[in-house]
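Asker: Going line by line, the protein sequences match chains D and F.
Just so we're aligned, residue -4 is where the first sequence starts under the numbering used here, counting upward by one.
Just so we're aligned, residue 170 is where the second sequence starts under the numbering used here, counting upward by one.
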Amino acid sequence: MSRRYNVTERGSAPAEFVLVAGLLVALSLGVIQLSLITHVRQVLTASAWEGARHASYSNTTLADGRALTRRLIIEGLGPSYVEQVSVRTVEVAGRPGAEVSVEAVFPAIGLWSPGGTLRVRAAVPYELPG
Amino acid sequence: MSSPAEQGRASLEFLVGAIILFVPLIAFHTTLSTLTQSQLAAEAAARHGARVFSQHTTLDPAVAATESALAHTAAQYLAAPDVAASLTCRPRGSCLAPGSFIDIAVTLWVPLGSIPLVPVDLPLTLPVTARASAQVSPYRGQP
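What follows is the structure, given as structure tokens:
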């Protein structure tokens, strides 16, 4: 009786290996996905900031800033990330400034997304004429 | 022959060992993304600081406004930025003269975080530097 009990407890080594390996592969893919999300976020923030900076010059318009942000995002991440780029004038540290906000799809598996949004914004005060 | 108490389960040891190995990887990832974010913050602060400084006419208000602009800009991207900056006028001695240049170097000291579960603040910080230049308008004060 006792001998039979031990035999059933021993488990199958290949089956255990498959389970553990599957878990570890999932964990590694999760870490890679985390880096990818960070990368997408950084590219969006940097693009939004460049666009806001461009829009803040005294000889450019908000539309120029929006166009630059869109171009940078297309170059950095691809056209599926430029659906929602909006510009407006906001108060930055007590002065009017240009704000670019980007709403992009949240990359859940690779760059594929089932839904959800990633929001970033950047604001730069307007350059004073003169 | 080892005693039953010493026999481990290979798969369990493998799993626990691998998960422990993931901790430094995630910590490294967090640190790296903080550094990238700091680079953006430093560049934004430097370019905005140079602009704010070059748009003033007298030195003292210019320095004060630049300092607050640097702190404010860095705070847009980082939670608690530690900003230091150095300003150089070109040519020397003619700060804010029409047509002169201002060079600014902004250094953000980025803490590299602490070890999880160890309540000790590491003294490790890395400087992230960005430079920017701006020209004071040559036509300033002219109608």
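Even for Gly, the Cβ is constructed at its ideal location relative to N, Cα and C.
Since the model is a prediction, treat every value here as computed from it, not as a measurement.
1. Since residue 93 (chain D) and residue 47 (chain D) are thought to touch, with beta carbons under 8 Å apart, how far apart are those beta carbons, to the nearest angstrom?
2. May I have the straight-line CA-CA distance separating residue 35 (chain D) from residue 74 (chain D), to the nearest angstrom?
3. Tell me which residue opens and which closes the beta strand (DSSP E) that residue 305 (chain F) is part of.
4. When DSSP builds the beta bridges, which residues end up paired with residue 98 (chain D)?
5. Below 8 Å, how does it come out for the stretch 195 to 205 of chain F and the stretch 219 to 236 of chain F: are there three or more Cβ pairs, yes or no?
6. Below 6 Å CB to CB, which residues in the same chain sit around residue 79 (chain D) once its five sequence neighbours on both sides are set aside?
7. Could you spell out where the beta strand (DSSP E) holding residue 272 (chain F) opens and where it closes?
8. Rounded to whole angstroms, what is the Cα-Cα separation between residue 114 (chain D) and residue 213 (chain F)?
9. For residue 266 (chain F), which residues of its own chain have a beta-carbon under 8 Å away from its beta-carbon, when the five flanking residues on both sides are left out?
10. Taking the straight line between their C-alpha atoms, what separation do you get for residue 300 (chain F) and residue 268 (chain F)?
11. By the criterion of Cβ-Cβ separation under 7 Å, what are the contact partners of residue 213 (chain F) in chain D?
12. Using a Cβ distance threshold of 8 Å, determine whether the stretch 177 to 191 of chain F contacts the stretch 15 to 33 of chain D, with at least three qualifying pairs required.
13. So, using beta-carbon positions, are residue 100 (chain D) and residue 60 (chain D) closer together than 8 Å?
14. Locate the beta strand (DSSP E) running through residue 248 (chain F), then write down its first and last residues.
15. Take the Cβ of residue 260 (chain F) as the centre, count every other Cβ of all protein chains shown within 10 Å, and call the residue buried at 16 or more, exposed below.
16. Considering residue 70 (chain D), what are the terminal residues of the alpha helix (DSSP H) in which it resides?
17. Would you list, in chain order, the members of the stretch 49 to 77 of chain D that have their beta-carbon closer than 8 Å to a beta-carbon of chain F?
18. Pull up the CB-CB distance for residue 198 (chain F) and residue 29 (chain D), whole angstroms please, since I reckon it's below 8 Å.
19. Ignore the nearest five residues each way along the sequence and tell me which others in residue 63 (chain D)'s own chain have a CB closer than 7 Å to its CB.
20. For the stretch 184 to 218 of chain F, which residues have a CB atom closer than 8 Å to at least one CB atom of chain D, in sequence order?
21. Can you name the start and end residues of the alpha helix (DSSP H) that residue 208 (chain F) belongs to?
22. Among all the DSSP beta bridges, which residues are the ones paired with residue 92 (chain D)?
Answerer: With the structure as the only source:
1. Position 98 of the first sequence, counted from the first residue, corresponds to residue 93 (chain D). Position 52 of the first sequence, counted from the first residue, corresponds to residue 47 (chain D). 5 Å between Cβ atoms; contact.
2. Within the first sequence, residue 35 (chain D) is the residue found at index 40, counting from 1. Within the first sequence, residue 74 (chain D) is the residue found at index 79, counting from 1. As the crow flies, the alpha-carbon of residue 35 (chain D) is around 13 Å from that of residue 74 (chain D).
3. The count along the second sequence starts at 1 and reaches residue 305 (chain F) at position 136. Per DSSP, residue 305 (chain F) belongs to no beta strand (DSSP E) and is neither H nor E.
4. Indexing the first sequence from 1 puts residue 98 (chain D) at position 103. DSSP lists D:79, D:114 as partners of residue 98 (chain D).
5. no
6. Taking the first sequence and counting its residues from 1, one reaches residue 79 (chain D) at position 84. Answer for residue 79 (chain D): 98, listed in chain order.
7. In the second sequence, residue 272 (chain F) corresponds to position 103, counting from 1. Where residue 272 (chain F) is concerned, the enclosing beta strand (DSSP E) stretches over 270 to 280.
8. The residue labelled residue 114 (chain D) in the question sits at position 119 within the first sequence. The residue labelled residue 213 (chain F) in the question sits at position 44 within the second sequence. One alpha carbon belongs to residue 114 (chain D), the other to residue 213 (chain F), and they sit about 19 Å apart.
9. For the purposes of this step, residue 266 (chain F) is taken as residue 97 along the second sequence, with counting starting at 1. The residues are 305.
10. Numbered from 1 along the second sequence, position 131 holds the residue referred to as residue 300 (chain F). Numbered from 1 along the second sequence, position 99 holds the residue referred to as residue 268 (chain F). Those two C-alpha atoms are separated by around 19 Å.
11. Taking the first residue of the second sequence as 1, we reach residue 213 (chain F) at position 44. 44, listed in chain order.
12. yes
13. Reading the first sequence from its first residue, position 105 is the one you call residue 100 (chain D). Reading the first sequence from its first residue, position 65 is the one you call residue 60 (chain D). It is not a contact, given that the beta carbons lie outside the stated cut-off.
14. For the purposes of this step, residue 248 (chain F) is identified with residue 79 of the second sequence, where counting begins at 1. For residue 248 (chain F), there is no enclosing beta strand (DSSP E), as DSSP marks it with neither H nor E.
15. As a working note, residue 260 (chain F) is residue 91 in the second sequence. When all chains shown are included, residue 260 (chain F) counts as exposed.
16. Reading the first sequence from its first residue, position 75 is the one you call residue 70 (chain D). Its alpha helix (DSSP H) spans residues 57 to 71.
17. Listed by position, the residues of the stretch 49 to 77 of chain D near chain F (Cβ gap below 8 Å) amount to none.
18. Numbered from 1 along the second sequence, position 29 holds the residue referred to as residue 198 (chain F). Numbered from 1 along the first sequence, position 34 holds the residue referred to as residue 29 (chain D). That pair is a contact at about 6 Å.
19. Reading the first sequence from its first residue, position 68 is the one you call residue 63 (chain D). Scanning its chain for C-beta atoms nearer than 7 Å, with the 5 sequence neighbours on each side dropped, one finds around residue 63 (chain D) the residues 45, 46, 49, in chain order.
20. 184, 187, 188, 191, 194, 195, 198, 202, 205, 206, 209, 213, 216, 217
21. As a working note, residue 208 (chain F) is residue 39 in the second sequence. Where residue 208 (chain F) is concerned, the enclosing alpha helix (DSSP H) stretches over 179 to 223.
22. For this step, residue 92 (chain D) is matched to residue 97 along the first sequence. According to DSSP, which records beta bridges pairwise, residue 92 (chain D) is partnered with D:85, D:120.
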